[in-house]
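By the count of our numbering, the sequence shown reaches residue 337 at its end, each step adding exactly one.
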Amino acid sequence: MCRLIFIATNRARTLRSLALLLSFCTLLTACSDPPSKHLELTAQSAYASAMSPDGKYALVGSILHGGSLWRLKDEEKLYNWNHNKGQKTAMSAVAFSTDSRFAVTADKRRIVMWDIKTGRPKGFWAATGGILALALSDNGRYLIVGQENYSALYIETRTGSILQKLYHSGDINAVAISADGTIAATGSEDGSVKVWKLGKDDPIQTFQVGDDISSVALSRKGTLVFGGLYYGTGKIWNARTGKELSTVGFSRVTLSAARFSTNGKLLVTGDTTRRVMTWNIKTGKQIRKKVARSPSLYPPSGLIVEEVSLQPDGTISAIYSNGSVNIWSNKKG
Numbered sequence: 005m006c007r008l009i010f011i012a013t014n015r016a017r018t019l020r021s022l023a024l025l026l027s028f029c030t031l032l033t034a035c036s037d038p039p040s041k042h043l044e045l046t047a048q049s050a051y052a053s054a055m056s057p058d059g060k061y062a063l064v065g066s067i068l069h070g071g072s073l074w075r076l077k078d079e080e081k082l083y084n085w086n087h088n089k090g091q092k093t094a095m096s097a098v099a100f101s102t103d104s105r106f107a108v109t110a111d112k113r114r115i116v117m118w119d120i121k122t123g124r125p126k127g128f129w130a131a132t133g134g135i136l137a138l139a140l141s142d143n144g145r146y147l148i149v150g151q152e153n154y155s156a157l158y159i160e161t162r163t164g165s166i167l168q169k170l171y172h173s174g175d176i177n178a179v180a181i182s183a184d185g186t187i188a189a190t191g192s193e194d195g196s197v198k199v200w201k202l203g204k205d206d207p208i209q210t211f212q213v214g215d216d217i218s219s220v221a222l223s224r225k226g227t228l229v230f231g232g233l234y235y236g237t238g239k240i241w242n243a244r245t246g247k248e249l250s251t252v253g254f255s256r257v258t259l260s261a262a263r264f265s266t267n268g269k270l271l272v273t274g275d276t277t278r279r280v281m282t283w284n285i286k287t288g289k290q291i292r293k294k295v296a297r298s299p300s301l302y303p304p305s306g307l308i309v310e311e312v313s314l315q316p317d318g319t320i321s322a323i324y325s326n327g328s329v330n331i332w333s334n335k336k337g
């Protein structure tokens, strides 16, 4: 039910406003899709947040509390992760490794890798530019860092060495890495998505998509790549051949998050209008859609999906810009 508080200054105007608001409330209620489980991980919105690929953990860089790791099955906060003792870190980006065993957190210039099992830090690195995005391979071995200085860093975490710099002609907003750390994808405000065979100077694929890339994803083996536009659709390609496989999403809506299923047959996306959708990779056909309830009447589309996961049993998990998590089991459709 929507609760409305207003001051009546003109009866006719008030009645019209009330009718509009009630209609809007009805629309919100009808369009939302109650999840199997809902969690509130922070009292206010988050600077950055991530969902582990296995759907078991959430990582939140909160405005009030700094970084924290949560286990979702029992809503347990496991660790507080901040870069300086006694201070709450303003996180610019956070991410899990592709095997959900490690995580990375970043402020504007520094990166820390953490062991999820112990909660202890495993490495510290400095970036060469303002940090916008992170991606971490299996075992936390290789790290990709998207930056504001038109480059991404390819770091071997065991030694801390920068093995390679990956270049665009604009800020690098989104990055992804294959499970074995040999393939990377970068998306930039220059409107391109590039696929890299790490160790080679030039990208193996370059896709000029549009004006500004909002999200990228790679399948575990690095054979499929996705790129989404700000205020536009997203495309899926064969990363080896460059062949376009399908187009997903809708015009004038930003795909803010994307992840391939483990078997590489489906893509799950999240957008800036609270929607989480799964797509057939070959056809681009929408298979499922889940919509979170809006946290307030204004703004109606202010809840952004930050990251998503899709499990083999069909369970969908999503974490949002306000630090909340929704989980939909396959039993709920």
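Ideal Cβ positions, reconstructed from N, Cα and C, are used throughout, including at glycine. In this text, all values refer to a predicted model and were calculated from it rather than measured experimentally.
Taking the C-beta atoms as reference points, Gly268 is found nearer than 8 Å to Leu228.
Under the three-state reduction of DSSP output, Asp142 falls in the helix class. Taking all protein chains in view, the Cβ of Phe128 is surrounded by fewer than 16 other Cβ atoms within 10 Å, so the residue is classified as exposed. If the five residues before and after Phe100 are omitted, its C-beta is found closer than 6 Å to the C-beta atoms of Ala54, Ser56, Ala107, all from its own chain and listed in chain order. About 7 Å separates the CB atoms of Ile181 and Leu140; that is less than 8 Å, so the two are in contact.
Bridge partners of Leu167 according to DSSP: none are assigned. Around Leu63, the same chain offers Ala54, Leu73, Val98, Ala107 as residues with beta carbons nearer than 6 Å, after the five sequence neighbours per side are excluded. Distance from the CA of Asn153 to the CA of Ala110, rounded to the nearest whole angstrom, comes to 16 Å. Ranked by Cα distance from Ser196, the first of Ala178, Thr186, Asp205, Ile285 is Ala178.
For the set Ser250, Ala296, Gly174, the Cα lying nearest the Cα of Ser328 is the one of Ala296. Partner residues in the beta bridge of Ala188, as assigned by DSSP, are Ile181, Trp200. Assignment of Asn334 by DSSP, reduced to helix, strand and coil, places it in the helix class. For the 8 Å CB-CB criterion, Ser260 and Ser192 do not form a contact.
Beta-bridge partners assigned by DSSP to Val213: none are found. Beta-bridge analysis with DSSP links Met281 to Thr273, Lys293. Contact annotation: Ser325 and Ala131 have beta-carbon atoms that are not nearer than 8 Å.
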